[in-house]
Amino acid sequence: MIAILSPAKAFHPESSSKINLGTDPFFLREAIKINKQMRKYSQKELIKLLKVSPALAEQSWERFQRWKKDSIQEHTNQAILSFKGEAYRGLDAHSMCEEELKFAQDHLRILSGHYGVLRPLDLIQYYRLEMGTKLAFGEFKNLYAYWGDKIANHLNRELSGERSIINLASNEYLKSVNTKKLNAKIITPIFKDFKDDQYKTVMVYAKYARGAMVRFIIKNGITESEHLKAFDLDGYYFSEEQSTEVNWVFLRG
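Going by this note's numbering, the first residue of the sequence shown is number 24, and it counts up by one from there.
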C-alpha cells in the first residue's frame, strides 16, 4: 500500500532539517532536463508562465539558476520536511522520529511537477513548478505529456503487499498518474464538514485532513487500506453509508 500526496507551493527555510537521512530522487535525470529548460526563462517570462508576483518570479529565477545536477549539496532538504502548506501542517513530519520517517519512505510518495515522484527522504532543491504549468518544450506540450506513463510505471514497481494506492493528492496531480496503467486499486478518501445544514468539502480543512491521514498511516504503521476506516483524527469518522468501494467518505460535525 502506498499513499500519494501533492506537494506544496511554499517551502520551509533551507537547512531546517535536523536529520542526516537522505536519498536521491528516482527521476533526477528528468528533473535536470526540466531545470535546463526553466533556466532559459527571464524573470519577466516566469511571471507569466508560473502566474506569480515579480518577487516570487525573482526567487524562482534564482533557484533555477543555482540548481545543480548533484542533489547532495548545500541547497537540498528532505522532501517531506521541505514542503509547507495545509496538508503538511496536518502531516507534521518535523515531529516524527527517524523510525517513523523510514516507514514513510516505504509507504508515501509525493507527486511533483519538477521531480515526477518523490520519496519522503529524497533530497530536493527548492523550486516552483506546479504540475499544471503550461510548460511546453521539445516534443512535449506540457508536464503531463513529459511525465507520461513514467509515474504510473514507477508506482507499479514499488507496490508490494496489498496493491492499493491511497489517493490523497489533488486532481491536478492525480492527472499526472496514468491510472489506467496502474495495477492497483485506487482508494480516494473524501473529507466533508457539516456546514450550512449539509455535509460538504471545505478545501482548507480537506487539505489538512489529507496530511493528517498520512500522519495516521505513518504513526500506526498501516499497510492495509481497510485499517484506514479507523481514522478519527480531529473529529472525522468513516461513513459507510456515503462511501463507495473506492471513494471513502469521512464526516465531521
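Glycine is no exception: its CB is placed at the ideal position from the N, C-alpha and C atoms.
So is residue i buried or exposed if we call it buried at 16+ other beta carbons inside 10 Å?
{"i": "A192", "result": "buried"}
{"i": "Y260", "result": "exposed"}
{"i": "D255", "result": "exposed"}
{"i": "D145", "result": "buried"}
{"i": "P30", "result": "buried"}
{"i": "T202", "result": "exposed"}
{"i": "I42", "result": "exposed"}
Starting from residue i, trace the alpha helix (DSSP H) in both directions and tell me its first and last residue.
{"i": "N190", "result": "From DSSP, N190 is part of no alpha helix (DSSP H) but of the beta strand (DSSP E) over 187 to 191."}
{"i": "W170", "result": "166 to 170"}
{"i": "F87", "result": "77 to 89"}
{"i": "L278", "result": "As displayed, the chain neither begins before 24 nor continues past 276, which places residue 278 out of reach and without an answer."}
{"i": "L51", "result": "51 to 61"}
{"i": "R180", "result": "173 to 181"}
Among the options, which has the Cα closest to the Cα of residue i?
{"i": "N206", "options": "D220, Y222, E195, S183", "result": "S183"}
{"i": "R233", "options": "Q88, G45, L131, L51", "result": "L131"}
{"i": "L274", "options": "A110, N58, D216", "result": "D216"}
{"i": "Y149", "options": "R180, F106, N176, Q66", "result": "F106"}
{"i": "E121", "options": "Q101, E153, Y138, Y111", "result": "Q101"}
{"i": "E249", "options": "K204, K218, S187", "result": "S187"}
{"i": "L86", "options": "I55, F49, N194", "result": "It is Arg, not Leu, that sits at residue 86 in the sequence shown. The shortest Cα separation from R86 among I55, F49, N194 belongs to I55."}
{"i": "I189", "options": "N176, K208, L141", "result": "K208"}
{"i": "V237", "options": "E109, W170, E181", "result": "E109"}
{"i": "I241", "options": "K32, L251, F126, A78", "result": "F126"}
{"i": "A226", "options": "I213, K204, L197", "result": "Contrary to the premise, residue 226 reads as Met rather than Ala in this sequence. The shortest C-alpha separation from M226 is found at I213."}
{"i": "I27", "options": "K59, H117, S76, Q128", "result": "Q128"}
{"i": "E247", "options": "S262, E185, E181", "result": "E185"}
{"i": "T156", "options": "G45, E68, T46, I245", "result": "E68"}
Taking the beta strand (DSSP E) that residue i belongs to, which residues open and close that run?
{"i": "A232", "result": "Taken as a continuous stretch (DSSP letters only), A232 belongs to no beta strand (DSSP E), being part of the alpha helix (DSSP H) at 226 to 243."}
{"i": "L146", "result": "146 to 148"}
{"i": "L134", "result": "131 to 135"}
{"i": "N100", "result": "99 to 101"}
{"i": "R275", "result": "270 to 275"}
{"i": "K215", "result": "208 to 218"}
{"i": "L141", "result": "139 to 141"}
Give the DSSP bridge partners of residue i, in chain order.
{"i": "A33", "result": "K107"}
{"i": "S199", "result": "In DSSP, S199 forms no bridge with anything."}
{"i": "F261", "result": "F273"}
{"i": "Y222", "result": "F217"}
{"i": "T46", "result": "D145"}
{"i": "F163", "result": "F160"}
Please report the Cβ distance between residue i and residue j, rounded to the nearest whole angstrom; I am assuming they are in contact, meaning their Cβ atoms lie under 8 Å.
{"i": "G136", "j": "M119", "result": "The Cβ separation is near 25 Å, so there is no contact."}
{"i": "P48", "j": "Y138", "result": "5 Å"}
{"i": "L72", "j": "L158", "result": "7 Å"}
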